[in-house]
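Order-wise, the sequence lines are chains X and R. Start counting the first sequence at 82; every next residue gets the next number (my numbering). Start counting the second sequence at 117; every next residue gets the next number (my numbering). Backbone N, C-alpha and C define an ideal beta-carbon position, used for all residues, glycine too.
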Amino acid sequence: GDSVTQMEGPVTLSEEAFLTINCTYTATGYPSLFWYVQYPGEGLQLLLKATKADDKGSNKGFEATYRKETTSFHLEKGSVQVSDSAVYFCALRNSNSGYALNFGKGTSLLVTP
Amino acid sequence: DAGVIQSPRHEVTEMGQEVTLRCKPISGHNSLFWYRQTMMRGLELLIYFNNNVPIDDSGMPEDRFSAKMPNASFSTLKIQPSEPRDSAVYFCASSSTQETQYFGPGTRLLVL
């Protein structure tokens with residue numbers, strides 16, 4: 082079945098450092114890929130998405146490119162801020178298996194001043 | 117837009133009691149999802165509805181869990197009887213485009 086694998090956390094970075102959170106997936110067909118962010122005590126918010134190969138999703142300085150050849154959707158940001166501290170979830174939706182999202186385990190990010 | 121509304125935000129109950137979680141999706145959305153989040157298992161889909169009809173309930177852990185969606189603006193997730201291992205954060209999400217799901221703030225359930 083479909084699955085999403087994220088790098089283990091927690092990730093601790095200093096403010097203005099470069100961020101990469103790795104995400105790879107296994108799926109049949111052509112899934113859509115998502116990054117969600119969860120701030121402490123809150124629900125999940127969509128951060129960005131890509132619906133086909135080579136698409137790049139971007140939002141709030143974060144980017145991720147849908148790489149079908151490597152089945153990856155790595156999240157990057159050039160300069161993180163303390164306010165980016167949160168848990169980040171990679172997810173896929175595969176029309177072959179309905180409309181539900183299949184989430185990775187989440188990666189906790191802590192940015193220190 | 118009020119977003120997805122869940123109630124209660126926090127629930128503490130004793131083992132064996134019935135628990136009912138409530139969700140109001142975003143107006144106009146035709147898909148509704150219930151997820152459970154725990155440290156051990158991460159985010160798991162429990163059930164989802166499309167146009168008020170349950171489409172996939174394979175994630176519902178056992179018969180103690182049941183979910184209903186009597187109309188387009190309301191859904192419930194019920195646990196009867198509750199057990200300590202049901203302690204988790206339960207999220208409701210809704211969607212109209214079958215792509216982007218919008219999540220509620222969650223209900224934090226603690227079963228003693």
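According to the neighbour-count rule (16 or more other Cβ atoms, all chains shown, within 10 Å of its Cβ), is residue i buried or exposed?
| i | result |
| --- | --- |
| asparagine 175(X) | buried |
| glutamate 199(R) | exposed |
| asparagine 183(X) | buried |
| glutamate 127(R) | buried |
| glycine 82(X) | exposed |
| aspartate 179(R) | exposed |
| glutamine 162(X) | exposed |
| leucine 226(R) | exposed |
| glycine 124(X) | buried |
| threonine 107(X) | exposed |
Answer yes or no: does any C-beta atom of chain X fall closer than 8 angstroms to that of residue i?
| i | result |
| --- | --- |
| proline 221(R) | yes |
| aspartate 172(R) | yes |
| serine 229(R) | The question about residue 229(R) has no answer, for chain R in this structure spans 117 to 228. |
| tyrosine 206(R) | no |
| phenylalanine 190(R) | no |
| serine 147(R) | yes |
| glycine 132(R) | no |
| threonine 216(R) | yes |
Any Cβ of chain R within less than 8 angstroms of the Cβ of residue i?
| i | result |
| --- | --- |
| lysine 186(X) | yes |
| phenylalanine 170(X) | yes |
| lysine 130(X) | yes |
| glutamate 89(X) | no |
| tyrosine 279(X) | Residue 279(X) is absent from the structure shown; chain X starts at 82 and stops at 194. |
Could you round the C-beta distance between residue i and residue j to whole angstroms and report it? I think they count as a contact, below 8 angstroms.
| i | j | result |
| --- | --- | --- |
| valine 205(R) | glycine 222(R) | 5 angstroms |
| valine 192(X) | serine 160(X) | Contact doesn't hold; Cβ gap of about 10 angstroms is too wide. |
| glycine 175(R) | leucine 162(R) | 5 angstroms |
| serine 153(X) | threonine 105(X) | 5 angstroms |
| alanine 172(X) | valine 85(X) | 6 angstroms |
Tell me where the beta strand (DSSP E) around residue i begins and ends.
| i | result |
| --- | --- |
| glutamine 122(R) | 121-123 |
| threonine 93(X) | 92-95 |
| valine 169(R) | 169-172 |
| lysine 141(X) | Counting along the chain, lysine 141(X) falls outside any beta strand (DSSP E), and DSSP gives it neither H nor E. |
| histidine 126(R) | 126-129 |
| lysine 140(R) | 135-140 |
| glutamate 89(X) | That residue, glutamate 89(X), is in no beta strand (DSSP E); it is neither H nor E in DSSP. |
| valine 227(R) | 223-227 |
Note down the Cα distance separating residue i from residue j, rounded to an integer number of angstroms.
| i | j | result |
| --- | --- | --- |
| glutamine 153(R) | leucine 127(X) | 17 angstroms |
| glutamate 160(R) | serine 191(R) | 18 angstroms |
| lysine 140(R) | alanine 131(X) | 28 angstroms |
| tyrosine 164(R) | glutamate 150(X) | 31 angstroms |
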